[in-house]
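Number of protein chains: 2
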Amino acid sequence: MIELTRRHLFAGAAATALVPLATDGRAFAAAPAAGKQAPGFYRFKVGSMEVTVVTDGARTFPLADNFVTNVKKDDVNAALQAAYMEKDKMTIAFNPVVVNTGSKLVVIDTGNGPGAFEQSKGAVGQMHANLAAAGIDRNSVDAVVISHFHGDHINGLITADNKPAYPNAEVLVPAAEWKFWTDPSKSEGNFANVKRVFGALGNKVTQYEADKEVVSGITAIATPGHTPGHCSHILSSGNATVALQADITNHPALFLRNPGWHVTFDMDAAMAEATRRKFYDRMAAEKITVQGFHFPFPAAGHVEKDGNNYRLVPIAWNPSI
Amino acid sequence: MIELTRRHLFAGAAATALVPLATDGRAFAAAPAAGKQAPGFYRFKVGSMEVTVVTDGARTFPLADNFVTNVKKDDVNAALQAAYMEKDKMTIAFNPVVVNTGSKLVVIDTGNGPGAFEQSKGAVGQMHANLAAAGIDRNSVDAVVISHFHGDHINGLITADNKPAYPNAEVLVPAAEWKFWTDPSKSEGNFANVKRVFGALGNKVTQYEADKEVVSGITAIATPGHTPGHCSHILSSGNATVALQADITNHPALFLRNPGWHVTFDMDAAMAEATRRKFYDRMAAEKITVQGFHFPFPAAGHVEKDGNNYRLVPIAWNPSI
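Listed in order, the protein sequences are those of chains B and D. Quick note, this note's numbering runs 54 ahead of the 1-based positions in the first sequence. Quick note, this note's numbering runs 54 ahead of the 1-based positions in the second sequence.
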């Protein structure tokens, strides 16, 4: 027997579905599963600045033999399992950041782009929806700061129909990165993607140098190796400091835990490792909160030394701000 | 000079505020800081069940000398600082859970109650707002399962005007807990609060025994010590298992890291410690995900042994479900 219960009064469209029967013959009718994750943003203060981490989602893919280029796949699987992750696959998160400095609204890196949403069945390309959920209007963004030119950082500069996603923003890019990736003699792979994305912006960018303020309160530091012009960014306000590391490491359970491991995406692996060790030694010594583009959302934590390696201690979620 | 910029077109009510001047005399006018945290809920699947962690918020208070009854305050401060928390104060989160078993919508523990929202200036008493943000109608809840009778677990059973907060739900309570706290010869402290809360429900509860299914898919286990009838709950569906530990430990950085430390809230500290070690030894050996009422939101992780102690490895946030 199928009974209409009070649940049907609340369930809306779901009320038209047939109500399955429990094994004991009773009609059962729990509220339908929501099937939808919470909006992917998280806020915290850095002095008087307000930071909103706005996730672009996460991709899961089979673990390639050479995902870590200098250790055996078995060792990678052992590290994944030690971190309570499944073996033989990899999940990588993408976490752009929005900083309201008090005088400017600044997006730092832009995710895989809305064009990736459908292709990935909603796994990535979430940033624009999450910006909206966070109450951030893309038209109000004053500046977009790019750490480096890989697609998961720049593709969100443009909409699915190749229009500027932040039409009123100055786009700031590392000068060394611009020089490398706009070499007219190169056209393969990421060179083509760089041409496509910045071409859609009419190549209207402002190049910035490391060790200078990019925007008041946001200082770029050179952290090369992952790409030639890769930059990280230090947010500073009052006594508070947070470091946005960008891609100094990929997943912390593998590469922060094992800083000597080389991810396939690092273009100069030895330089990337040297950058990594120097950066984390400073973060650990000064107890600076590190925001990692590829750390699991909300993607912030402290780095502690563990012998020759490191361990990430994620921040505690603050349910207020 | 105060200029009206495009920002004012978007800023709504904020547009009437005076726009401060930057030190260089330019008008600046970033989008106003949001000042509001993301909705505090998080979803994951346990087999075919859908779990929604719905935070009630977090309280911060000065660290009392006897917060940990059997170690010196200096040791507690050292542990706080080792976990990148401030010394001399304590922040405790409250994380009730909603389980959609497929046939029942079940709330497990209820937070500090909406009455605490104003008194705490919004720090706690957030659960009802977060349930609404999660799209969960309190009228649709079929069952409320209580782990034990401390106020932060039962006060949310009633609204600010002392009406049942889940008017259509069966309220399930541990039989041993009911027996202890309804002793008619006692009237002080928490005994009075228990009388107040359950009185508002007309004392209409269903008592449950440990080691039995409370609701299909949710099994109670006796984990006494924190209170005499304290229960935890095992969610089980298909091959998946998650343990809702309730108050087997308070903050993991102190008491999971140092299982021999006794929090002032444990009524029988020796029994609580024995329960704790037995429970975590099992969780670590079987690699079961543990959901902790007082863990930082979203309050789930794996427990690993570290000599005679333990370490919590928080789960990675999944931006999809």
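Heads up, the beta-carbon is just placed ideally off N, CA and C, and yes, glycines get one too.
What is the residue span of the beta strand (DSSP E) that residue i lies within?
i                 : result
ALA118 of chain B : Run containing ALA118 of chain B: none; DSSP gives neither H nor E here.
ASN363 of chain D : 363 to 368
HIS356 of chain B : 354 to 360
GLY310 of chain D : The sequence shown places Leu at residue 310 of chain D, rather than the Gly named in the question. No beta strand (DSSP E) holds LEU310 of chain D; DSSP gives it neither H nor E.
Ignore the nearest five residues each way along the sequence and tell me which others in residue i's own chain have a CB closer than 6 Å to its CB.
i                 : result
THR145 of chain B : ALA112 and THR114
LEU185 of chain D : VAL108
GLY165 of chain D : ASP110, PHE148, PRO150, MET181 and GLY210
ASP322 of chain D : GLY279
ALA137 of chain B : ALA307
PRO352 of chain D : TYR96 and VAL107
LYS359 of chain D : ALA338
ALA326 of chain B : GLY279, HIS280 and ASP320
ARG80 of chain B  : With a pLDDT of only 42 at ARG80 of chain B, under the threshold of 50, the placement of this residue in the model should not be trusted; the figure read from the coordinates follows. Nothing listed; no residue qualifies.
LYS127 of chain B : ASP119
ASP191 of chain B : none
LEU134 of chain B : LYS141
TYR334 of chain D : VAL357 and TYR364
ASN131 of chain B : LYS141
GLY292 of chain B : GLY101
PHE171 of chain B : GLY179
ILE375 of chain D : ARG97
Could you check where the alpha helix (DSSP H) with residue i kicks off and where it finishes?
i                 : result
GLY94 of chain D  : Run containing GLY94 of chain D: none; DSSP gives neither H nor E here.
MET325 of chain D : 323 to 340
HIS182 of chain B : 181 to 187
PHE171 of chain D : 169 to 173
Look up residue i in the DSSP assignment and give the residues it is bridged to.
i                 : result
SER291 of chain D : D:ALA294
ASN154 of chain B : B:GLU104 and B:LEU159
ALA223 of chain D : Note: ALA223 of chain D sits in no beta bridge, so no partner.
GLY346 of chain B : B:ALA300
ALA274 of chain B : B:HIS287
ILE228 of chain D : Note that residue 228 of chain D corresponds to Pro in the displayed sequence, not to Ile. Answer is D:TYR262, bridged to PRO228 of chain D.
ALA147 of chain D : D:ALA112
VAL269 of chain B : B:ILE272
LYS99 of chain B  : B:GLU104
Which residue from the options puts its Cα closest to that of residue i?
i                 : options                                   : result
ALA197 of chain D : D:VAL153, D:THR236, D:ILE212 and D:PHE171 : D:VAL153
ARG336 of chain B : B:TRP315, B:LEU308 and B:ILE288           : B:ILE288
VAL161 of chain B : B:PHE319, B:ASP265, B:VAL269 and B:THR318 : B:VAL269
VAL251 of chain B : B:GLU267, B:ALA274 and B:ASP215           : B:ASP215
ALA276 of chain D : D:GLY256, D:GLY314 and D:ARG330           : D:ARG330
GLY361 of chain B : B:THR236, B:LEU117 and B:PRO313           : B:PRO313
PHE203 of chain B : B:ILE375, B:GLN135 and B:GLY243           : B:GLY243
LYS249 of chain D : D:GLY205, D:ASP129 and D:PRO228           : D:GLY205
PRO218 of chain B : B:LEU255, B:PHE347 and B:ALA183           : B:LEU255
THR123 of chain D : D:PHE309, D:PHE333, D:ALA85 and D:VAL178  : D:PHE309
PRO350 of chain B : D:PHE333, D:LYS341, D:LEU366 and D:TRP371 : D:TRP371
ALA264 of chain B : B:CYS285, B:PHE171 and B:ASP237           : B:CYS285
GLY179 of chain D : D:THR260, D:GLY156, D:THR213 and D:HIS316 : D:THR213
ILE208 of chain B : B:LYS240, B:PHE121, B:GLU340 and B:GLY169 : B:GLY169
VAL317 of chain D : D:GLN91, D:LEU117 and D:ALA84             : D:LEU117
ILE200 of chain B : B:LYS332, B:ARG311 and B:ASP301           : B:ASP301
ASN257 of chain B : B:GLN299, B:LEU226 and B:ALA183           : B:LEU226
TYR262 of chain B : B:SER241, B:GLU224 and B:ALA183           : B:GLU224
Ordered along the chain, which non-local residues of its own chain (more than five positions away) have a Cβ less than 7 Å from that of residue i?
i                 : result
ALA294 of chain D : VAL100 and GLY101
SER194 of chain B : LEU159
ILE369 of chain D : THR343, ALA354 and GLY355
ALA230 of chain D : PRO282 and GLY283
GLU104 of chain B : ARG97 and ASN154
GLU267 of chain D : THR273
PRO373 of chain D : none
ASP78 of chain D  : Unreliable placement is indicated for ASP78 of chain D, whose pLDDT of 44 sits below 50; no coordinate value is reported for it.
Below 8 Å CB to CB, which residues in the same chain sit around residue i once its five sequence neighbours on both sides are set aside?
i                 : result
SER174 of chain B : GLY111, ARG113 and ASN166
GLY89 of chain B  : none
MET139 of chain D : THR145 and ALA307
Can you find a C-beta in chain E that's less than 9 Å from the C-beta of residue i?
i                 : result
PRO352 of chain D : Of the protein chains in this structure, namely B and D, none is chain E.
Minimum length 4: unbroken alpha helix (DSSP H) runs contained in the segment 101 to 145 of chain B: Segments of the alpha helix (DSSP H) lying fully in the segment 101 to 145 of chain B: 127 to 136.
Ranges of the alpha helix (DSSP H) found wholly within the segment 236 to 266 of chain B, counting only runs of at least 4: 244 to 254
What are the start and end residues of each continuous alpha helix (DSSP H) run of 4 or more residues lying completely inside the segment 193 to 219 of chain B, in chain order? 205 to 208
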